[in-house]
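S.K.: In terms of numbering that gives the first Met the number 0, the sequence shown opens at residue 0 and continues consecutively.
Think of the CB as a built atom: it goes at the ideal place given N, C-alpha and C, for glycine as much as any other residue.
Before we start, here is the structure in question, set down as structure tokens.
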Amino acid sequence: MSDVTLREATNDDVEALADAYRDAYAENRELGFPAKAGSATAADVAEWVRADRVFVAEHDGQVIGGVRLEAADDATATLSRLGVRERWKGEGVGSRLLEHAEGAAREAGYTTVQLTTPGEHPFLPEFYHAHGYEITGDYPLSHREYDEVVMEKSLD
């Protein structure tokens, strides 16, 4: 996996990253957990790149995943849009993206990282828990058939 590189996304990445998100989030849709990233357009991703920090994982010049980091408040950063192309799932790319974003949050002076994920998802809450995240609350979704939970990790 040393042939996967991580870097900050640029405008040149938006088409490829939108495509990677649609591929990555297809599984969640099949499991009954559709998300906005599953229908991401290049315009959506361009806005995320413009407004926040977005990181990509790349292999042989191809974008294979990404994650978004945004400010929640002065002490807390929010992670979202963590996604890895289906072909690369299980190869540690998601973990590397998560850790990379956490490092960027720490360097920016945040002390906590938070995210939301479907509480009933068959593997995502456990994935985040294995990376040090704990459930801190509920995150009801009025526009979905499911609710999410808030998970947080201290960066101290």
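Tell me His70's beta-bridge partners as DSSP assigns them.
M.R.: Strictly speaking, residue 70 in this sequence is Ala, with His absent from that position. DSSP lists Ala76 as partners of Ala70.
S.K.: Can you tell me whether DSSP reads Gly35 as helix, strand or coil?
M.R.: Before going further, note that residue 35 is Lys rather than Gly in the sequence given. Helix, per DSSP.
S.K.: Spatial neighbours of Glu101 within its chain, please: C-beta separation below 6 Å, excluding the five flanking residues on both sides.
M.R.: The residues are Val112.
S.K.: In the DSSP assignment, find the unbroken alpha helix (DSSP H) run with Pro117 in it and report its ends.
M.R.: Here Pro117 belongs to no alpha helix (DSSP H); instead the beta strand (DSSP E) covers 111-117.
S.K.: Look up Ile134 in the DSSP assignment and give the residues it is bridged to.
M.R.: Bridge partners of Ile134: Met150.
S.K.: Under 8 Å by Cβ, that's how I've got Arg80 and Trp47 pegged, so tell me the actual separation to the nearest angstrom.
M.R.: Going by Cβ atoms, the distance from Arg80 to Trp47 rounds to 7 Å, so yes, they are a contact pair.
S.K.: Thinking C-beta only, is Ala23 closer than 9 Å to Arg84?
M.R.: Yes, the pair counts as a contact, with Cβ atoms nearer than the cut-off.
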